[in-house]
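S.K.: Position one of the sequence shown corresponds to residue 1 (the working numbering), numbered consecutively onward.
In this text, a Cβ means the ideal position worked out from N, Cα and C, and glycines have one as well.
Before anything else, here's the structure in question.
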Amino acid sequence: MIVFEKPKSLVDIPMHYCPGCTHGIIHRLVAEVIDELGIEGKTIGVAPVGCAVMAYNYFACDMIEAAHGRAPAVATGIKRANPENIVFSYQGDGDLASIGMAETVHSAARNENITIIFVNNAIYGMTGGQMAPTSLPGQVTQTSPYGRDVKTAGFPVKVCEMLKELDGPEYLERVAVNNVVNVKKAKKAIKKAFTNQLENKGFSLIEVLSSCPTNWGMTPDDALKWIDTNMIPYYPLGVYKDRSAQNKEKEEL
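Shown next, in the form of C-alpha coordinates:
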(Lines of atoms letter the chains of each structure in order from A and count residues from 1; the text may use other names and numbers.)
(Lines give C-alpha, C1' and ligand atoms only; values in the text may rest on other atoms or scores of the structure.)
Protein backbone atom coordinates (compact mmCIF):
# COMPACT_ATOMS: atom_id res chain seq x y z
CA MET A 1 0.00 0.00 0.00
CA ILE A 2 1.43 3.36 -1.07
CA VAL A 3 1.06 5.96 1.69
CA PHE A 4 3.02 8.77 0.07
CA GLU A 5 4.66 9.36 -3.30
CA LYS A 6 6.08 12.20 -5.35
CA PRO A 7 3.43 14.10 -7.33
CA LYS A 8 3.43 13.21 -11.02
CA SER A 9 3.40 16.94 -11.85
CA LEU A 10 6.87 17.34 -10.30
CA VAL A 11 9.94 16.35 -12.31
CA ASP A 12 12.15 13.84 -10.50
CA ILE A 13 15.33 15.92 -10.26
CA PRO A 14 17.14 17.61 -7.34
CA MET A 15 16.05 21.17 -6.59
CA HIS A 16 18.52 24.04 -6.25
CA TYR A 17 16.95 25.59 -3.14
CA CYS A 18 18.97 26.10 0.04
CA PRO A 19 18.63 23.54 2.88
CA GLY A 20 15.53 24.30 4.92
CA CYS A 21 13.94 26.50 2.27
CA THR A 22 10.19 25.88 2.05
CA HIS A 23 9.92 26.53 -1.69
CA GLY A 24 10.10 22.74 -2.14
CA ILE A 25 7.07 22.24 0.09
CA ILE A 26 5.08 24.84 -1.84
CA HIS A 27 6.11 23.28 -5.17
CA ARG A 28 4.87 19.92 -3.92
CA LEU A 29 1.52 21.36 -2.82
CA VAL A 30 0.96 23.00 -6.20
CA ALA A 31 1.90 19.76 -8.00
CA GLU A 32 -0.36 17.66 -5.75
CA VAL A 33 -3.29 19.96 -6.53
CA ILE A 34 -2.60 19.77 -10.27
CA ASP A 35 -2.53 15.96 -10.02
CA GLU A 36 -5.72 15.76 -7.97
CA LEU A 37 -7.62 18.04 -10.35
CA GLY A 38 -6.28 16.13 -13.36
CA ILE A 39 -5.21 19.30 -15.17
CA GLU A 40 -1.48 18.78 -15.81
CA GLY A 41 -1.99 18.43 -19.56
CA LYS A 42 -3.66 21.82 -19.86
CA THR A 43 -1.80 23.78 -17.17
CA ILE A 44 0.70 26.53 -17.99
CA GLY A 45 2.89 27.99 -15.26
CA VAL A 46 4.71 31.31 -15.34
CA ALA A 47 8.07 31.37 -13.54
CA PRO A 48 9.41 34.58 -11.96
CA VAL A 49 12.76 36.23 -11.44
CA GLY A 50 13.91 35.29 -7.95
CA CYS A 51 14.70 32.11 -6.07
CA ALA A 52 12.07 30.25 -8.12
CA VAL A 53 13.52 31.49 -11.41
CA MET A 54 14.16 27.87 -12.45
CA ALA A 55 10.73 26.56 -11.43
CA TYR A 56 10.31 25.54 -15.06
CA ASN A 57 12.77 22.71 -14.35
CA TYR A 58 10.62 21.25 -11.61
CA PHE A 59 7.01 21.27 -12.84
CA ALA A 60 6.00 18.74 -15.48
CA CYS A 61 3.43 21.09 -17.01
CA ASP A 62 4.30 23.69 -19.65
CA MET A 63 6.18 26.66 -18.17
CA ILE A 64 7.08 30.12 -19.44
CA GLU A 65 9.69 32.47 -17.97
CA ALA A 66 8.57 36.06 -17.39
CA ALA A 67 10.62 39.22 -17.01
CA HIS A 68 11.03 40.45 -13.43
CA GLY A 69 7.60 41.23 -11.97
CA ARG A 70 5.68 40.73 -15.21
CA ALA A 71 4.29 37.26 -14.50
CA PRO A 72 0.67 38.42 -13.97
CA ALA A 73 0.77 40.28 -17.30
CA VAL A 74 2.23 37.25 -19.06
CA ALA A 75 -0.31 34.97 -17.37
CA THR A 76 -3.12 37.31 -18.45
CA GLY A 77 -1.99 37.16 -22.08
CA ILE A 78 -1.73 33.37 -22.02
CA LYS A 79 -5.15 32.97 -20.42
CA ARG A 80 -6.91 35.38 -22.77
CA ALA A 81 -5.35 33.70 -25.80
CA ASN A 82 -6.03 30.20 -24.43
CA PRO A 83 -9.05 30.45 -22.12
CA GLU A 84 -9.36 26.66 -21.92
CA ASN A 85 -5.94 26.37 -20.25
CA ILE A 86 -5.26 26.67 -16.52
CA VAL A 87 -2.66 29.39 -15.93
CA PHE A 88 -0.75 30.13 -12.74
CA SER A 89 2.16 32.32 -11.77
CA TYR A 90 4.60 31.47 -8.99
CA GLN A 91 6.23 34.59 -7.55
CA GLY A 92 8.29 35.80 -4.61
CA ASP A 93 7.78 39.03 -2.67
CA GLY A 94 10.54 40.93 -4.45
CA ASP A 95 9.11 39.95 -7.83
CA LEU A 96 5.41 40.42 -7.07
CA ALA A 97 5.30 43.17 -4.43
CA SER A 98 8.08 45.44 -5.74
CA ILE A 99 8.78 45.72 -9.46
CA GLY A 100 5.63 43.72 -10.26
CA MET A 101 3.18 45.56 -8.01
CA ALA A 102 1.39 47.30 -10.90
CA GLU A 103 0.86 44.02 -12.76
CA THR A 104 -0.44 42.40 -9.56
CA VAL A 105 -2.89 45.17 -8.72
CA HIS A 106 -4.31 45.61 -12.21
CA SER A 107 -4.72 41.89 -12.92
CA ALA A 108 -6.61 41.66 -9.62
CA ALA A 109 -8.69 44.76 -10.42
CA ARG A 110 -9.68 43.22 -13.76
CA ASN A 111 -10.46 39.91 -12.04
CA GLU A 112 -8.37 38.03 -14.59
CA ASN A 113 -9.17 34.32 -14.42
CA ILE A 114 -5.68 33.29 -13.30
CA THR A 115 -4.12 31.85 -10.15
CA ILE A 116 -1.16 33.48 -8.39
CA ILE A 117 1.00 31.68 -5.83
CA PHE A 118 2.76 34.44 -3.90
CA VAL A 119 5.69 33.32 -1.73
CA ASN A 120 6.46 35.81 1.04
CA ASN A 121 9.73 35.21 2.88
CA ALA A 122 10.23 38.86 3.85
CA ILE A 123 13.56 39.23 2.04
CA TYR A 124 15.23 39.26 -1.38
CA GLY A 125 16.56 35.71 -1.49
CA MET A 126 18.26 35.15 -4.84
CA THR A 127 20.26 38.40 -4.85
CA GLY A 128 21.75 37.99 -1.37
CA GLY A 129 19.33 39.04 1.33
CA GLN A 130 18.46 42.68 0.74
CA MET A 131 15.43 44.34 2.32
CA ALA A 132 12.22 43.51 0.44
CA PRO A 133 8.85 45.29 0.35
CA THR A 134 7.66 42.69 2.86
CA SER A 135 10.63 42.86 5.28
CA LEU A 136 9.37 43.44 8.81
CA PRO A 137 9.93 46.62 10.85
CA GLY A 138 13.28 46.25 12.57
CA GLN A 139 14.28 43.26 10.43
CA VAL A 140 18.02 43.07 9.77
CA THR A 141 18.96 42.51 6.12
CA GLN A 142 21.99 43.22 3.94
CA THR A 143 20.62 46.69 3.13
CA SER A 144 19.15 47.36 6.59
CA PRO A 145 21.98 46.24 8.90
CA TYR A 146 20.46 48.14 11.83
CA GLY A 147 16.95 46.87 11.09
CA ARG A 148 14.24 48.22 8.81
CA ASP A 149 13.54 51.80 9.84
CA VAL A 150 9.94 52.62 8.89
CA LYS A 151 10.75 56.36 9.05
CA THR A 152 13.03 56.05 6.03
CA ALA A 153 12.05 52.75 4.38
CA GLY A 154 8.31 52.86 5.05
CA PHE A 155 6.15 50.03 6.31
CA PRO A 156 5.96 46.54 4.79
CA VAL A 157 3.44 45.95 2.03
CA LYS A 158 0.54 43.74 3.12
CA VAL A 159 -0.58 42.36 -0.23
CA CYS A 160 -3.77 40.53 0.80
CA GLU A 161 -4.97 43.46 2.89
CA MET A 162 -4.35 45.83 0.00
CA LEU A 163 -5.96 43.71 -2.73
CA LYS A 164 -9.08 42.98 -0.69
CA GLU A 165 -10.06 46.65 -1.06
CA LEU A 166 -10.44 46.14 -4.80
CA ASP A 167 -13.80 45.08 -6.24
CA GLY A 168 -12.19 42.68 -8.70
CA PRO A 169 -10.52 39.74 -6.90
CA GLU A 170 -12.47 36.53 -6.40
CA TYR A 171 -10.34 34.93 -3.69
CA LEU A 172 -7.45 36.03 -1.47
CA GLU A 173 -5.97 33.94 1.34
CA ARG A 174 -2.77 34.01 3.37
CA VAL A 175 -1.32 30.70 4.56
CA ALA A 176 1.98 29.38 5.93
CA VAL A 177 4.04 26.21 5.54
CA ASN A 178 5.96 26.14 8.83
CA ASN A 179 4.19 23.17 10.40
CA VAL A 180 2.02 20.22 9.42
CA VAL A 181 -1.30 21.88 10.27
CA ASN A 182 -0.46 24.98 8.26
CA VAL A 183 0.81 22.93 5.31
CA LYS A 184 -2.54 21.13 5.12
CA LYS A 185 -4.40 24.45 5.23
CA ALA A 186 -2.10 25.82 2.54
CA LYS A 187 -2.88 22.94 0.21
CA LYS A 188 -6.62 23.41 0.74
CA ALA A 189 -6.30 27.10 -0.17
CA ILE A 190 -4.20 26.38 -3.27
CA LYS A 191 -6.72 23.78 -4.43
CA LYS A 192 -9.57 26.24 -3.99
CA ALA A 193 -7.66 28.84 -6.01
CA PHE A 194 -7.18 26.43 -8.93
CA THR A 195 -10.78 25.25 -8.66
CA ASN A 196 -11.98 28.85 -8.89
CA GLN A 197 -10.17 29.15 -12.20
CA LEU A 198 -11.70 25.91 -13.47
CA GLU A 199 -15.11 27.35 -12.58
CA ASN A 200 -14.28 30.66 -14.34
CA LYS A 201 -14.71 32.68 -11.15
CA GLY A 202 -11.69 34.90 -11.71
CA PHE A 203 -8.58 36.09 -9.91
CA SER A 204 -7.24 34.07 -6.98
CA LEU A 205 -4.06 34.83 -5.03
CA ILE A 206 -2.62 32.64 -2.29
CA GLU A 207 0.06 34.30 -0.18
CA VAL A 208 2.34 31.74 1.44
CA LEU A 209 4.54 32.74 4.39
CA SER A 210 7.81 30.95 3.73
CA SER A 211 11.21 30.67 5.41
CA CYS A 212 14.64 31.74 4.18
CA PRO A 213 17.16 30.25 6.65
CA THR A 214 20.20 31.27 4.60
CA ASN A 215 19.44 34.98 4.34
CA TRP A 216 17.79 35.18 7.75
CA GLY A 217 20.99 33.70 9.22
CA MET A 218 19.14 30.93 11.06
CA THR A 219 18.95 27.18 11.23
CA PRO A 220 16.01 25.69 9.31
CA ASP A 221 14.25 24.86 12.60
CA ASP A 222 14.71 28.37 14.00
CA ALA A 223 13.50 29.85 10.71
CA LEU A 224 10.21 27.92 10.96
CA LYS A 225 9.78 29.18 14.52
CA TRP A 226 10.52 32.74 13.34
CA ILE A 227 7.52 32.53 11.02
CA ASP A 228 5.34 31.80 14.05
CA THR A 229 6.81 34.39 16.37
CA ASN A 230 7.43 37.25 13.93
CA MET A 231 5.79 36.87 10.53
CA ILE A 232 2.33 35.56 11.43
CA PRO A 233 1.67 38.28 14.05
CA TYR A 234 2.43 40.91 11.39
CA TYR A 235 0.87 39.00 8.49
CA PRO A 236 -2.19 37.26 10.02
CA LEU A 237 -3.26 34.05 8.30
CA GLY A 238 -6.75 33.62 6.90
CA VAL A 239 -9.17 34.35 4.07
CA TYR A 240 -9.14 38.02 3.10
CA LYS A 241 -11.71 37.79 0.33
CA ASP A 242 -13.96 35.04 -0.99
CA ARG A 243 -16.56 36.68 -3.16
CA SER A 244 -18.48 33.50 -3.98
CA ALA A 245 -18.78 32.58 -0.30
CA GLN A 246 -19.86 36.11 0.56
CA ASN A 247 -22.52 36.09 -2.18
CA LYS A 248 -23.78 32.72 -0.95
CA GLU A 249 -24.12 34.08 2.59
CA LYS A 250 -26.11 37.06 1.30
CA GLU A 251 -28.45 34.73 -0.64
CA GLU A 252 -29.02 32.62 2.46
CA LEU A 253 -29.90 35.71 4.46
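1) Along the chain, where does the beta strand (DSSP E) containing Gly-238 start, and where does it finish?
2) May I have the straight-line CA-CA distance separating Arg-28 from Gly-77, to the nearest angstrom?
3) Measuring alpha carbon to alpha carbon, tell me which residue in Thr-141, Pro-137, Met-162 is nearest Val-150.
4) From which residue to which residue does the alpha helix (DSSP H) around Phe-24 run?
5) Report the three-state DSSP secondary structure of Asn-230 (helix, strand or coil).
6) Around the Cβ of His-16, are there at least 16 other Cβ atoms within 10 angstroms (buried) or fewer (exposed)?
7) Among the candidates Ile-39, Ile-190, Leu-163, Thr-229, whose CA atom is the shortest distance from the CA of Ala-108?
8) Within a Cβ cutoff of 6 Å, which residues of the same chain sit near Pro-220, ignoring the five residues on either side of it in sequence?
9) Just curious, the beta strand (DSSP E) that Leu-209 is in, first and last residue?
10) Excluding the 5 residues flanking Val-140 on each side, which residues of the same chain have their C-beta closer than 7 Å to its C-beta?
11) Which residue or residues does DSSP assign as beta-bridge partners of Gln-91?
12) Leaving out the 5 sequence neighbours to the left and right, which residues in its chain are closer than 7 Å to Asn-230 when beta-carbon positions are compared?
13) What number of angstroms, rounded off, separates the C-alpha of Lys-191 from the C-alpha of Phe-155?
14) With which residues is Glu-173 paired in a DSSP beta bridge?
15) When the Cβ atoms of the region 79-87 are set against those of the region 41-48, are three or more pairs found closer than 8 Å?
16) Which one of Lys-188, Phe-203, Glu-207 has the shortest CA to CA distance from Ser-244?
17) Got a sec: is the Cβ-Cβ distance from Val-177 to anything in chain B below 8 Å?
18) Out of curiosity, what's the CA-to-CA distance linking His-23 and Val-53?
19) Quick check on DSSP: helix, strand or coil for Phe-59?
20) With which residues is Leu-10 paired in a DSSP beta bridge?
M.R.: To lay it out plainly:
1) 238-242
2) 26 Å
3) Pro-137
4) It should be pointed out that residue 24 corresponds to Gly in this sequence rather than to Phe. First-last of the alpha helix (DSSP H) with Gly-24: 23-37.
5) helix
6) exposed
7) Leu-163
8) Gly-20, Pro-213
9) 204-209
10) Gly-147
11) Phe-118
12) Leu-136
13) 31 Å
14) Ile-206, Val-239
15) yes
16) Phe-203
17) Among the chains of the structure shown, chain B does not appear; only one protein chain is present.
18) 11 Å
19) strand
20) Phe-59
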